[in-house]
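*Asks:* First the structure, then my questions, so here it is.
Protein chains: 2
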Amino acid sequence: MTEKATRPIRSDETLLAILEALEARTAPSVSDVATHAGVSKSTAHNHLSTLREHGYVVDGERGYELSLRFLELGESARTNTEIYEVARPHADELSRETGLLVNISVEDRGKGVYLYRTRGDDRIRLSTRAGEVHELHCTATGKAILAHLPKRRVESILDQHGLPKRSENTITERETLHSELAEIRERGYSVDDEEYGQGLRCVGVPVLNGDDAVIGALSASGPATEVVGERLTTELPTHLKQVRNRIELNLRDY
Amino acid sequence: MTEKATRPIRSDETLLAILEALEARTAPSVSDVATHAGVSKSTAHNHLSTLREHGYVVDGERGYELSLRFLELGESARTNTEIYEVARPHADELSRETGLLVNISVEDRGKGVYLYRTRGDDRIRLSTRAGEVHELHCTATGKAILAHLPKRRVESILDQHGLPKRSENTITERETLHSELAEIRERGYSVDDEEYGQGLRCVGVPVLNGDDAVIGALSASGPATEVVGERLTTELPTHLKQVRNRIELNLRDY
DNA sequence: ACGAGCGTTCGACCACGCTGAACGATTATC
DNA sequence: GATAATCGTTCAGCGTGGTCGAACGCTCGT
Chain L
1 MTEKATRPIR
11 SDETLLAILE
21 ALEARTAPSV
31 SDVATHAGVS
41 KSTAHNHLST
51 LREHGYVVDG
61 ERGYELSLRF
71 LELGESARTN
81 TEIYEVARPH
91 ADELSRETGL
101 LVNISVEDRG
111 KGVYLYRTRG
121 DDRIRLSTRA
131 GEVHELHCTA
141 TGKAILAHLP
151 KRRVESILDQ
161 HGLPKRSENT
171 ITERETLHSE
181 LAEIRERGYS
191 VDDEEYGQGL
201 RCVGVPVLNG
211 DDAVIGALSA
221 SGPATEVVGE
231 RLTTELPTHL
241 KQVRNRIELN
251 LRDY
Chain F
1 MTEKATRPIR
11 SDETLLAILE
21 ALEARTAPSV
31 SDVATHAGVS
41 KSTAHNHLST
51 LREHGYVVDG
61 ERGYELSLRF
71 LELGESARTN
81 TEIYEVARPH
91 ADELSRETGL
101 LVNISVEDRG
111 KGVYLYRTRG
121 DDRIRLSTRA
131 GEVHELHCTA
141 TGKAILAHLP
151 KRRVESILDQ
161 HGLPKRSENT
171 ITERETLHSE
181 LAEIRERGYS
191 VDDEEYGQGL
201 RCVGVPVLNG
211 DDAVIGALSA
221 SGPATEVVGE
231 RLTTELPTHL
241 KQVRNRIELN
251 LRDY
C-alpha cells in the first residue's frame, strides 16, 4: 500500500530522516543528527543550513530545532480535512457538557490520527496531543471509522498493520473485530472498553459526508470508573449521536 | 539575519518549494506543483512520489496534499517552546472569563507566530489559526515582545522587516515605536488600538522566563466597541498581568 | 475521432550531493 | 595551563544520481 516511488530522490530521503531526528531528539547537535540520519557530518550540516536558510529549522543555543514553520504546515494539513473546522466547536461544547476528553480523529494511511483533543476541565494537562497516531482496531474513533470503510479497505489495513495488543482487552482476532464492526454499524456507536489502555473507556461515533463516506469520528473518553452504567450504555451514545447529527448538518452547508 | 548556507542543497530547495506549493494551493496537480516550484514536471513527480512513499504527502482523488505528518511535526515544534504547555490552560481560562479571543504568540525569525488562539464563545468560527505569522510592530503580543528584546535585536528586526502599514493606526515611525515600547515596559502591558486591523482592539502582556528573557506574550482581543473605557485601561491590563504572574510562577517549577 | 490536458517513464548528460580529511574554536580532563 | 577530545564548519574531488525534455498511455471535453 505504501506507494513505492519509481525513482526515489536520495537527498530528499536524508532530508526527511533529518526531520525525524529533529522530531525525536530535543535540540540535537549536528553530529547527533548525522548519526541518527546515517549520513556524514558534512552532509547533515549542508542539509541543516539549507533548512535554516529557508526558515524550517532554527539553531538555538542548545542545538537545532524544527521551526514554527511546521506549525503553519500542520495547520494547513489539518484545515484541508473535511471534518476539522466544522466539528471542532462541537467537540469543545461536548467536552464542556460531559467533562470528558473529546477527540476528533481521521484515518490517514491506515492509521488513526487525532486532529483535535479537548477537555472541559483544563486543570489536568493533556498528556496526549493532536497529530498523534494510533491503530484503528483498538480505539473508539478507530473502530467507528473502520465500521464504515469498504470491507476490502479494512482487510488491506489489517494486512498492513495487524492487530497489535495494546492492553488486556484489545481485540486481536479478525473475526471478533468484524462482528464488532457489524454491531457498531447496527447500533450507530462504538465502545472502547479498556482496549487501548487500562482504566480508559471511550464512546465514539462515525461522521459521514454527503456521499456516505466516513470522513472521521468523534469520541468522548474518561476513567472507566466514571464511564459506566446508564452513562455508558445510553446517555453518552445518545449525546454523541446528537452531536454527530449536528456536525453532519453543518457539513451540508459547508 | 537569514543565515546563508555556504553550500545550499538544490534538491532540498526544490523540495521546500514543493511544500510551499502544496500549502498555498489546495490539492494541486503535479503540473501545478511543477510550475509553482519552477521545475520540470518529471522532477516534481519524483519529489512528490518520494514524499508520498514516506507518508509526507497523500494523493487523494483531487490532487496532492500535505499529509497529517505535518501536524505531528508542528505539534513537536510547538511543544518545544518554553511557553506553550504552561500558558495554554491559562489562556483557555482567560478566554472563558473575558469572552474575548485570547492569543499566545512567540517571536520566530523576526516575526510573531500565534502558538494558540482560543475564544470562550465558540459559536463564531475562528477566522485565524495557530501558526499564522504577523509583524511584531502592529500587534499587542508583538509589541510586548519587542519591548523586552535587546535594543540591538529590535533594530535588526526592524531593518529586516520594516514597519509596514497594516491599517490607519499602524505605527510606521521607528521613533514613535521606541517611545511606545518604553511606555510598555513602564506600565507592564501593551495595547493594539486598531493598529493591525480596523475595529480590533487588543491588550497584551509579555511573559518572561527565569533569566528575564521574553519567551512570548499573551493577549486578549475583541471588537473596539467592546474593549473600551475602564475595561481597556484598567480591567483587562490588571487581569492579564495576574494571568502572566501565574504563568511565570508555573514556569519556575516546569 | 480528435486534440489537449493529465501523470508517468525513459535515456542521457553533467551538475552537485556525498564523503573524508583538515580546519579553528570550545570544552573536558588531568 | 597544557593536552586531548569533540564540537561545527570548510574544502577538494569523485562519481552517483538529480535534472530535463521527449515520448508514452490515459482520461477528458469537443
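Line by line, the protein sequences give chains L and F. Per UniProt numbering, the first sequence starts with residue 1, numbered consecutively. Per UniProt numbering, the second sequence starts with residue 1, numbered consecutively. Glycine included, every Cβ here is placed at the ideal spot set by N, Cα and C. As the structure is a computational prediction, the values presented were derived from the model and not from experiment.
Would you call the CB atoms of F/Leu15 and L/Leu15 closer than 8 angstroms?
*Replies:* Cβ atoms of F/Leu15 and L/Leu15: closer than 8 angstroms.
*Asks:* Using a Cβ distance threshold of 8 angstroms, determine whether the stretch 133-145 of chain L contacts the stretch 81-96 of chain L, with at least three qualifying pairs required.
*Replies:* Because the criterion of three Cβ pairs below 8 angstroms is not met, the stretch 133-145 of chain L and the stretch 81-96 of chain L do not touch.
*Asks:* Establish whether the CB of F/Asp108 and some CB of chain L are separated by less than 8 angstroms.
*Replies:* Yes, F/Asp108 lies at the interface with chain L (some Cβ there is under 8 angstroms from its Cβ).
*Asks:* For F/Gly99, does the count of other Cβ atoms within 10 angstroms reach 16, so buried, or fall short, so exposed?
*Replies:* That one is exposed.
*Asks:* Could you check the C-alpha separation between F/Val39 and F/Glu23 for me, to the nearest Å?
*Replies:* If I take the Cα positions, the gap works out to 17 angstroms.
*Asks:* Answer with yes or no whether the minimum CB distance from L/Thr50 to chain F is below 8 angstroms.
*Replies:* It does; some Cβ of chain F falls within 8 angstroms.
*Asks:* From what residue to what residue does the alpha helix (DSSP H) around L/Tyr84 run?
*Replies:* Its alpha helix (DSSP H) spans residues Tyr84 to Thr98.
*Asks:* What residue range is occupied by the uninterrupted alpha helix (DSSP H) comprising F/Lys143?
*Replies:* Ala140 to Leu146 is the span of the alpha helix (DSSP H), which, as asked, contains F/Lys143.
*Asks:* Could you work out which residues of chain L lie near F/Lys4, taking near to mean beta carbons separated by less than 7 angstroms?
*Replies:* Ordered by position in chain L, the residues that pass the 7 angstroms Cβ test against F/Lys4 are Glu53.
*Asks:* Using 10 angstroms around the beta-carbon of L/Gly204, count the other beta-carbons present and answer buried if the total reaches 16, otherwise exposed.
*Replies:* Buried, because 16 or more other Cβ atoms sit within 10 Å of the Cβ of L/Gly204.
*Asks:* Using a C-beta cutoff of 8 angstroms, does L/Tyr64 count as contacting chain F?
*Replies:* Taking Cβ atoms only, chain F never reaches closer than 8 angstroms to L/Tyr64, which makes this a no.
*Asks:* Thinking residue 266 of chain F and F/Tyr189 are a contact (beta carbons under 8 angstroms), I'd like their distance in whole angstroms, please.
*Replies:* With chain F running from 1 to 254 in the structure shown, residue 266 of chain F is simply not present.
*Asks:* Apart from the five residues just before and just after L/Arg166, which ones in its own chain have a Cβ nearer than 6 angstroms to its Cβ?
*Replies:* Only Cys138 and Tyr196 meet the Cβ criterion.
*Asks:* At the level of alpha carbons, what is the spacing between L/Arg123 and L/Arg52?
*Replies:* With a pLDDT of 49 at L/Arg123, under the threshold of 50, the modelled position of this residue cannot be trusted; read the value that follows with caution. Those two C-alpha atoms are separated by around 37 angstroms.
*Asks:* Nearest chain L C-beta to F/Glu13 closer than 8 angstroms, yes or no?
*Replies:* By this cut-off, F/Glu13 is an interface position.
*Asks:* So for L/Arg123, helix, strand or coil by DSSP?
*Replies:* The pLDDT assigned to L/Arg123 is 49, lower than 50, so where the model puts this residue is not dependable; a value taken from the coordinates is nonetheless given after this. In this structure, L/Arg123 counts as coil in the three-state DSSP scheme.
*Asks:* Going by C-alpha to C-alpha distance, which of L/Leu236, L/Cys202 and L/Thr234 sits closest to L/Pro223?
*Replies:* Ranking the options by Cα distance to L/Pro223, first place goes to L/Cys202.
*Asks:* Hey, F/Gly55 and L/Arg153 are a contact pair by Cβ (cut 8 angstroms); roughly how many whole angstroms apart?
*Replies:* The Cβ separation is near 17 angstroms, so there is no contact.
*Asks:* In the DSSP assignment, the alpha helix (DSSP H) including L/Ser190 goes from what residue to what residue?
*Replies:* No alpha helix (DSSP H) holds L/Ser190; the beta strand (DSSP E) holding it covers Ser190 to Asp193.
*Asks:* Kindly indicate which residue of L/Leu146, L/Ile83 and L/Gly74 has the alpha-carbon position closest to the one of F/Arg129.
*Replies:* The shortest Cα separation from F/Arg129 among L/Leu146, L/Ile83 and L/Gly74 belongs to L/Gly74.
*Asks:* Starting from the beta carbon of L/Tyr56, find every residue of chain F whose beta carbon is closer than 8 angstroms, and list them in chain order.
*Replies:* Under the 8 angstroms cutoff, chain F gives Leu16.
*Asks:* Per DSSP, what are the beta-bridge partners of F/Ile104 in this structure?
*Replies:* Note: F/Ile104 sits in a beta bridge opposite F/Tyr116 and F/Leu218.
*Asks:* Output yes or no for whether 8 angstroms exceeds the beta carbon distance between L/Glu248 and L/Leu200.
*Replies:* No.
*Asks:* Between the C-alpha atoms of L/Met1 and F/Thr172, what's the straight-line distance to the nearest angstrom?
*Replies:* Any reading at L/Met1 needs caution, since the residue's pLDDT is 42, under 50, leaving its predicted position unreliable; the model's value is listed next. Roughly 55 angstroms between the two C-alpha positions.
*Asks:* Using a threshold of 7 angstroms, is the CB atom of F/Asp59 nearer than that to any non-hydrogen atom of the ligand SAH?
*Replies:* Inclusion of the ligand SAH in the displayed structure is not the case, the ligand content being empty and no account of it being possible.
*Asks:* Please go through the same chain and pick out, in chain order, the residues whose beta-carbon is closer than 6 angstroms to the beta-carbon of F/Ser219, but skip the five residues on each side of it.
*Replies:* Counting only Cβ-Cβ distances below 6 angstroms, and skipping sequence neighbours, we find Asn103, Ala140, Thr141, Cys202 and Gly204.
*Asks:* Quick one, which of L/Asp193, L/Ala213 and L/Glu186 has its alpha-carbon nearest L/Thr225's?
*Replies:* Answer by Cα proximity: L/Asp193.
*Asks:* Hey, could you find the ends of the beta strand (DSSP E) F/Asp59 is sitting in?
*Replies:* From DSSP, the beta strand (DSSP E) with F/Asp59 extends over Val57 to Asp59.
*Asks:* Check for me: the alpha helix (DSSP H) holding L/Glu155 runs from which residue to which?
*Replies:* Counting along the chain, the alpha helix (DSSP H) containing L/Glu155 begins and ends at Lys151 to His161.
*Asks:* Within 10 Å of its beta-carbon, does F/Pro164 have 16 or more other beta-carbons around it, so buried, or fewer, so exposed?
*Replies:* Per the 10 Å Cβ criterion, exposed.
*Asks:* Can you check DSSP and say which residues form a bridge with F/Ser204?
*Replies:* The question names Ser, yet the displayed sequence has Gly at residue 204 of chain F. Paired residues: F/Ser190 and F/Ser219.
*Asks:* Closer than 9 angstroms, Cβ to Cβ, to anything on chain L: give me those residues from the stretch 188-220 of chain F, in chain order.
*Replies:* From the stretch 188-220 of chain F, no residue has a Cβ closer than 9 angstroms to chain L.
*Asks:* If we define contact as Cβ-Cβ less than 8 angstroms, is L/Val243 a contact residue for chain F?
*Replies:* False, the Cβ-Cβ gap to chain F never drops below 8 angstroms.
*Asks:* Could you give the first and the last residue of the continuous beta strand (DSSP E) run that contains F/Glu53?
*Replies:* Segment Lys41 to Glu53 is the alpha helix (DSSP H) holding F/Glu53; no beta strand (DSSP E) there.
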